[in-house]
Amino acid sequence: MSNPLLQPWQTPHETPPFGEIRPEHFMPAFERAFADHSAEIAAIVNDPAGPDFENTITALERSGKLLHKVSGVFYALVGAHSNPQLLEIESEVSLRQARHWNPIMMNAVLFGRIARLHHDRAALTLTPEQARLLERTYTRFHRAGAGLSEAARGRMAEINEQLAQLTTGFSHNLLADEQAWTMELGADDRAGLSPAFVAAAEAAAAERGMPGKAVVTLSRSSVEPFLQSSTRRDLREKVYRAFVARGDNRNENDNSANIARILKLREESAKLLGYDTFAAYRLEDSMARTPGAVRGLLERVWKPARARAMADRDAMQALIAEEGGNFTFAAWDWRFYAEKLRQRRANFDDSVIKPYLTLDNMIAAAFDCAHRLFGLSFAERKDIPVWHPDVRVWDVKNSKGEHQALFYGDYFARASKRSGAWMTSTRDQQKLDGAVAPLILNVCNFAKAADGEPSLLSPDDARTLFHEFGHALHGMLSDVVYPSLSGTSVFTDFVELPSQLYEHWQERPEVLRQFARHYKTGEPLPDDLLKRFLAARKFNQGFATVEYVSSALIDLEFHSQPAKAAEDVRAFEAKELAKIGMPEEIALRHRPTQFGHIFSGDHYAAGYYSYMWSEVMDADAFGAFEEAGNIFDPAVAKRLHDDIYASGGSRDPEEAYIAFRGRRPEPDALLRRRGLIDSPAAA
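If you use the numbering used here, the sequence shown corresponds to residues 552 to 1234, in order.
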């Protein structure tokens, strides 16, 4: 039988024919793609003509099309709808990928051609985008070790292969731990839980082959509302302990040994390249530039955040005493009593607003904001193949009515999906050989309602939806020539700007009044409830900031200190948390053994701080709309489109931000947004 991955796709917009693709198709397709790509690289290396931009840089951009095609489909499925066969293939593919890319990225002859062009770049007649591409290509090869000695390149290749296996193993262990645990809710276990939560728990049980039952899973969208609402303190403790122990259960899925080996190899690779630490290596190619700059930002935020969290902790302990409780406040109590404290201080709790935040309406709100800002329109398609029946697809058109992209939304948690929320693509925008429209995916883990009922989102879920859609817009609005600069191909500490900036619109009264409607009555969100919701936004920000910043600091320390210091991962975690004065009532947002951002790959390694670095910019950037007096101001929106969303990696990010805002970001905007310092007017 023919392999659909190796055939032209006769589908609308040449989308992947997911219904025809089976696991056994992938390895033959990867082998063919590796061979084709290697031949394309060999042609560049062996070209007898001297290097020029076209026969070297552009040729590199044109190479590997089949590999990108196969990889895009494979990793979309591994993340969103895996099975044991796909996970087994991933272990093999990750090693094959490393063995394929090592001889390319460390090819001395190829690097010689690139380096010569880079040296002569001032004499070349290049467009600004071409100049940026040459700079990024040179940097990418140099940082991969192409300029090292033969022996050092050989060792670097070995390290890359080992890291590929270890990071893949880390993600498999975490997924296995998450899939293995559920807690059944009997009739006496549901006190305090909303009907919507119970319905979602029943749907989760049915999806796991337990019809008629209800279960809490280790998905964040299941754990957090349970900890927030359940009046059963014993069950809150049970769920909390299981959640924070993922990957740390001293069983076959324990990730501690993986972490120690990953850190040792990363340190060795950095030293081969001439850096003292992996953090110094990673951060040199970022907006932050140095570990010191990152630590400075995080420590600046840490002190007021910790102080706010401690004050809230004391208030919640007093609340327990007031209610007659004779126990000491613990980590599994935080979300439960934070809700009570919020009700007292702001007369608001999440359960009151959730009936107004239906998934469909929040999707519509995200689409409407994109229409008002950028002129995009969205029409649902039923004829596009998908990987699961829950996946929805929209045709995206620009303001001229022309096809811009396809957008896939996969919103519900299931056992076959990795935890968290992310944006990815199976095809990126480019114009190198004709216009190529992107295929953009948002994958989330929201709780699915019972059949016939709408899925209701918490405010955090709604914010997550807008966040990931901001990433999606970065991919959909990309307008570059070269694929390596497309969409989200930017510095890690800049990539979160478009997503975090987009969150601001979700919380605006102008948006909520239109799209926050009660799922039963259709009534709009009452003004009184809207005011209380907006007033409560900054509540519990001490907790949220502490759990994030502590994770970012741990990441930085893992990659700044000698790897030997972290051989005992649990001891290292405890030591570093004690050093910063981590409140025992708050856990890291991602404990090391479940920290997929930094150990399931290296994209965010020494880079988890990026969310906060970007938040400095996004808090400041939204001020441009506020200063214009219109959150959809056309002139500001055009600058946002041109300088941030459409430019991809074709510009230096600091230059792009200044072009949009007219100046560098103002750091205190972040602290004011989180309510950790007073605004000037209130000072």
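Even for Gly, the Cβ is constructed at its ideal location relative to N, Cα and C.
Between which two residues does the alpha helix (DSSP H) harbouring residue i extend?
i, result
"N711", "E701 to A731"
"F1150", "G1147 to F1150"
"I813", "S807 to L823"
"E686", "P679 to A695"
"H1055", "L1048 to Q1057"
"I1131", "V1120 to I1131"
"A747", "P746 to E758"
"P855", "P842 to E873"
"N912", "L910 to F925"
"W1164", "S1161 to A1179"
"E1135", "Run containing E1135: none; DSSP gives neither H nor E here."
"E775", "R771 to S780"
"V1032", "Note, V1032: premise wrong, no alpha helix (DSSP H); not H, not E."
"S902", "D901 to I904"
"P1204", "P1204 to R1212"
"R576", "Note that residue 576 is His in the sequence shown here, rather than Arg. Neither: H576 is in no alpha helix (DSSP H) and is coded neither H nor E."
Cα separation between residue i and residue j?
i, j, result
"R694", "P1060", "46 Å"
"N658", "R864", "56 Å"
"R1223", "R859", "13 Å"
"N912", "A1067", "7 Å"
"E729", "F1123", "24 Å"
"L637", "S622", "13 Å"
"A540", "D1194", "The question about residue 540 has no answer here: the residues shown for the chain are numbered 552 through 1234."
"R683", "L726", "38 Å"
"P776", "A754", "16 Å"
"G960", "S722", "23 Å"
"N554", "H576", "6 Å"
"A1232", "L908", "Note on A1232: pLDDT 45, under 50, position unreliable in the model; no value is reported."
"V942", "R932", "11 Å"
"G1158", "G875", "45 Å"
"D1078", "D900", "15 Å"
"P1185", "L769", "43 Å"
"N809", "N800", "14 Å"
"R741", "R687", "55 Å"
"A869", "K620", "58 Å"
"L1036", "R978", "13 Å"
"Y1155", "H1148", "6 Å"
"A1234", "C995", "Note that A1234 scores a pLDDT of 36, beneath 50, so its modelled location is shaky; the value from the coordinates is reported in the next line. So the two alpha carbons sit approximately 39 Å from each other."
"G1093", "F1042", "28 Å"
"V596", "I1228", "57 Å"
"Q1051", "P1134", "27 Å"
Could you pull the DSSP bridge partners for residue i from this structure?
i, result
"L1191", "L1191 pairs with nothing; no bridge assigned."
"H670", "Bridge partners of H670: none, in fact."
"S976", "I991"
"G985", "L983"
"L1227", "BP columns for L1227 are empty, so no partner."
"P1075", "R1068"
"E735", "V766"
"L1080", "According to DSSP, L1080 bridges with nothing at all."
"R1007", "Note that residue 1007 is Leu in the sequence shown here, rather than Arg. Looking at the DSSP assignment, L1007 forms a beta bridge with T909."
With respect to the beta strand (DSSP E) encompassing residue i, which residues constitute its N-terminal and C-terminal limits?
i, result
"L957", "H954 to F963"
"L992", "L990 to F997"
"M657", "Here M657 belongs to no beta strand (DSSP E), and DSSP marks it neither H nor E."
If distances are taken between C-alpha atoms only, which option among the options comes closest to residue i?
i, options, result
"E605", "N634, H564, S589 and L668", "L668"
"S773", "T782, G763 and L744", "L744"
"S642", "G737, V1167 and Q713", "Q713"
"L646", "G720, I608 and M1133", "G720"
"F1020", "I655, P1218 and N993", "N993"
"R1225", "L892, P855 and N996", "P855"
"H1022", "E1047, L990 and K822", "E1047"
"W732", "N724, A738 and D739", "N724"
"A1210", "L1028, P1049, L1191 and A1220", "L1191"
"H1110", "P1075, I813, S589 and R706", "I813"
"M867", "E850, E890, L848 and V845", "E890"
"P564", "L816, F1090, P842 and L957", "According to the sequence as given, residue 564 is His; it is not Pro. When each option's Cα is compared against that of H564, the closest is L957."
"V644", "H1148, F1146, Y826 and P579", "P579"
"W938", "Y1070, G570, G1038 and R1215", "G570"
"G705", "N1091, P654, E680 and Q1065", "P654"
"E1206", "D1219, M1168, A1220 and G1174", "M1168"
"V1097", "F1173, W885, K968 and T975", "W885"
Any Cβ of chain D within less than 7 Å of the Cβ of residue i?
i, result
"Q1112", "Absent from the structure is chain D; it holds one protein chain and no more."
Output the residue ranges of the alpha helix (DSSP H) runs that lie fully inside the stretch 585-633 and measure 4 residues or longer, sorted by chain position. 610-613 and 616-631
So within the stretch 927-951, which uninterrupted beta strand (DSSP E) runs reach at least 3 residues, ignoring any that extend past its ends? 928-932 and 943-948
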